[in-house]
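Protein chains in written order, with my numbering: chain G, 524 to 881; chain Z, 339 to 626.
Shown next, in the form of structure tokens:
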């Protein structure tokens, strides 16, 4: 496998804009205890052949962002602002019926749990056939089935001709996730959203699924949004990274920016707390103290402030997601510290980490 | 596979497991169940754990690591084999005979949501066993529970709260307080951090580390994440298909694995270093 991704040419259509553009996306939910602002102003663009990782913990808003792109968070108690454009086409204002056409055929989504996202009473093949025919009823049953076999083969299911008649329970976890990906690819979408696609899988299977996603991304020019909490997974496949915390993007940059020159203390903390097999083990695992904030009761100013050992007066104001490194306008973060200070503060025993408050 | 373990510590191993087997029958038939086959969940494993050390047990799902724990603790009746705790054979003991041993051996579970009774208050969850084992009651019990809560990083005021009022990390702390209430010698930690947020995992790992130092605990730490296991363990045993395929010092196993399965497992762990993982991919691309 080549290390330099050959970016596939952008599909012609709708001018020179990005394939997917998310602008100032805000998603709020009315709950019994008050309004929860799950996503608070997220911006990003995605090009064909690119893998964008959204990293964050539970409650950071990463999954809600992804679900909102394909309209899965629409409900009477949700409030969605901002814009999501696919090849220039606004998705947030589309009717449910119009969105149905986008889902699957233009944007596919795969979920964390391959056990519950397949219907247990239908064969895997029938579910893929159904997905194909739901979008184009002119395709006959037998040719749809042939397609299903082909797709299962393409995602690496051995003996696809026979396994197409299996029920989901006859598949292992990794095979189910492959089947989900096959189903997602059935309509040749241009964007794949993978929400924690490997979290429920064993490491050896995880590596296979990640390579599959990467292959598809390169061979088909499939733009991919990978949602994960695992920075190891990110390092394996992503081109660009968004780090989310408390509904906001706190840092964004290229893969190397995030791993080798991280600007936000939360990113330092995430990197520092990893147990790494490629390094000698530290005496004590650097940890981030405290717990992720409740979205009902976010701290004033920087949301990471209560857990941050480097907090100072200015942190009571919300920092903007700005380029703070003069040499790199695409690397943005929300931290008031000076880049020079950051370089000193993040260095702990020769590796990047977050100092523990004493 | 036999592993006598190092005998450097005085007094010999705290736990000695020899040829432990746990098979589950697969039954078939309408009226009369006939045993047609067996699932060999644990298929003859031997290991020992010395006092004060941490033995890591790694393997993928279905490798039998959780079943092994439960069979050692006699929560599942082993099919055969011997489990010696402080030299005393405990395999095959009756429930009544096991009861005093429950003080000595405890378990921390994976899912902090499913492992706490939602109808009980925290004080009860942590303190009930003190009552059952007649260790403390009344005011003394409450004081003991409050101390424990404080020790695991919660506050004594949490005594009267219900589990749903806590986050995942806090619930795992409650589970740890419960496991430590009777002052056990040996604690089985079954995937204690895999259900937690990344920033919380390190907190719990460090807490377990601190508690081990303070209370002289011995751990059997079961997890699929070999990175976490290596961090916390002195020795590691790798399980695959119900058997232990490799044991050794933690760093030794991770840096110089001998068994093919261990190598495969280590190679699959993503490295959180883009340059390193790119280089690894290239190596794999040229050799594979």
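Backbone N, C-alpha and C fix where the C-beta goes; we use that ideal spot for every residue, glycine too.
Just the Cα atoms here: how many angstroms apart are residue 531 of chain G and residue 542 of chain G?
-> For residue 531 of chain G, the predicted model reports a pLDDT of 44, less than 50, meaning its position is unreliable and no value from the coordinates is stated.
Using three-state DSSP, classify residue 527 of chain Z as helix, strand or coil.
-> Correct three-state label for residue 527 of chain Z: strand.
Could you tell me whether the Cβ of residue 576 of chain Z comes closer than 8 Å to any Cβ of chain G?
-> No, no contact with chain G.
Proximity test, Cβ basis, 8 Å: residue 534 of chain G and chain Z | Residue placement at residue 534 of chain G is poorly supported in this model, since its pLDDT is 46, which falls under 50; the coordinates still yield a value, given next. Output row for residue 534 of chain G: interface = no.
Residue 628 of chain Z to residue 443 of chain Z span [Cα, whole Å] | This structure cannot settle anything about residue 628 of chain Z, because the visible part of chain Z is limited to 339 through 626.
Local Cβ density within 10 Å of residue 340 of chain Z, reported as buried at 16 or more and exposed below that = Its pLDDT being 42, under 50, residue 340 of chain Z is placed unreliably by the model, and nothing is read from it.
Name, please, each residue of chain G whose Cβ falls closer than 9 Å to the Cβ of residue 609 of chain Z.
-> Those within 9 Å of residue 609 of chain Z in chain G are 755, 758, 759, 799, 800 and 801.
Contact with chain G by residue 498 of chain Z, beta-carbon distance below 8 Å | Cβ-Cβ to chain G under 8 Å: no for residue 498 of chain Z.
Thinking residue 515 of chain Z and residue 555 of chain Z are a contact (beta carbons under 8 Å), I'd like their distance in whole angstroms, please.
-> At roughly 13 Å, the Cβ-Cβ gap does not stay under 8 Å, so residue 515 of chain Z and residue 555 of chain Z are not in contact.
Is it true that the CB of residue 688 of chain G sits closer than 8 Å to the CB of residue 646 of chain G?
-> Between residue 646 of chain G and residue 688 of chain G, the gap from beta carbon to beta carbon is short of 8 Å.
Given that a residue counts as buried once 16 or more other Cβ atoms are within 10 Å of its Cβ, and exposed if not, what is residue 622 of chain Z?
-> The C-beta of residue 622 of chain Z has fewer than 16 other C-beta atoms within 10 Å across all chains shown, which makes the residue exposed.
Chain G beta carbons: is any one of them nearer than 8 Å to that of residue 490 of chain Z?
-> False, the Cβ-Cβ gap to chain G never drops below 8 Å.
Under three-state DSSP, which class holds residue 776 of chain G?
-> Reduced to three states, the DSSP call for residue 776 of chain G is strand.
Test: residue 427 of chain Z CB closer than 8 Å to a CB of chain G = Taking 8 Å as the CB threshold, residue 427 of chain Z stays off the interface with chain G.
If I'm right that residue 450 of chain Z touches residue 509 of chain Z with Cβ under 8 Å, what's the distance once you round it to whole angstroms?
-> The Cβ separation is near 4 Å, so the contact holds.
What in chain G is Cβ-close to residue 487 of chain Z, meaning under 9 Å?
-> Residues of chain G passing the Cβ test: none, with the nearest at roughly 16 Å.
What residue range is occupied by the uninterrupted alpha helix (DSSP H) comprising residue 546 of chain Z?
-> It spans 536-553 - the alpha helix (DSSP H) in which residue 546 of chain Z sits, taken as one unbroken run.
Per-residue burial, residue 426 of chain Z [other beta carbons within 10 Å of its own, 16 or more giving buried] | Exposed is the call here.
How should residue 370 of chain Z be labelled, buried or exposed, when 16 other C-beta atoms within 10 angstroms of its C-beta is the threshold for buried?
-> The residue is exposed, with fewer than 16 neighbouring Cβ atoms inside 10 Å.
Figure out for me which residue from G/683, G/634 and G/762 has the closest Cα to the Cα of residue 779 of chain G.
-> Nearest of G/683, G/634 and G/762 to residue 779 of chain G, Cα basis: G/762.
Does any CB atom of chain Z fall closer than 8 Å to the CB of residue 819 of chain G?
-> Not closer than 8 Å to any Cβ of chain Z, the Cβ of residue 819 of chain G fails to qualify, so no.
Around the C-beta of residue 446 of chain Z, are 16 or more other C-beta atoms found within 10 angstroms, so that it is buried, or is it exposed?
-> With a threshold of 16 other beta carbon atoms within 10 Å, residue 446 of chain Z meets it and is buried.
Measure the alpha-carbon distance for residue 596 of chain Z versus residue 580 of chain G and round it to whole angstroms.
-> Their Cα atoms are separated by approximately 36 Å.
Could you list the residues in the segment 646-680 of chain G with a C-beta less than 9 Å from some C-beta on chain Z, going in chain order?
-> Cβ contacts with chain Z: none found.
By DSSP, does residue 589 of chain Z sit in helix, in strand, or in coil?
-> Assigned with DSSP and collapsed to three states, residue 589 of chain Z falls in helix.
Residue 403 of chain Z beta carbon less than 8 Å from that of residue 560 of chain Z | Taking the C-beta atoms as reference points, residue 403 of chain Z is found nearer than 8 Å to residue 560 of chain Z.
Identify the contact partners of residue 826 of chain G in chain Z, using a Cβ-Cβ distance below 9 Å as the criterion.
-> Within chain Z, no C-beta atom comes nearer than 9 Å to that of residue 826 of chain G; the closest sits roughly 13 Å away.
Beta strand (DSSP E) segment containing residue 418 of chain Z, residue limits | Annotation: the continuous beta strand (DSSP E) that includes residue 418 of chain Z extends over 418-423.
Ends of the alpha helix (DSSP H) at residue 755 of chain G?
-> Residue 755 of chain G -> alpha helix (DSSP H) spans 754-760.
Beta-carbon spacing of residue 454 of chain Z, residue 513 of chain Z below 8 Å | In contact: residue 454 of chain Z and residue 513 of chain Z (Cβ atoms closer than 8 Å).
Is the number of C-beta pairs between the segment 719-738 of chain G and the segment 630-639 of chain G that are closer than 8 Å three or more?
-> Contact holds between the segment 719-738 of chain G and the segment 630-639 of chain G, because three or more Cβ pairs, one in each stretch, are under 8 Å apart.
List, in order along the chain, the chain B residues whose C-beta lies closer than 8 Å to that of residue 507 of chain Z?
-> Going by chain labels, chain B is absent from the structure shown, which instead holds the protein chains G and Z.
Assuming residue 395 of chain Z contacts residue 577 of chain Z (C-beta within less than 8 Å), just tell me the rounded distance between them.
-> Yes, residue 395 of chain Z and residue 577 of chain Z are in contact; Cβ-Cβ is about 6 Å, under 8 Å.
Any contact of the segment 542-557 of chain G with the segment 593-609 of chain G, i.e. 3+ C-beta pairs under 8 Å?
-> Yes: at least three Cβ pairs fall under 8 Å.
Between the segment 571-602 of chain G and chain Z, which residues of the former have a C-beta closer than 7 Å to a C-beta of the latter?
-> Within the segment 571-602 of chain G, the residues whose Cβ lies closer than 7 Å to some Cβ of chain Z are 580 and 581, listed in chain order.
8 Å Cβ cut-off: residues of chain Z touching residue 793 of chain G | Within 8 Å Cβ-Cβ: 536 and 537.
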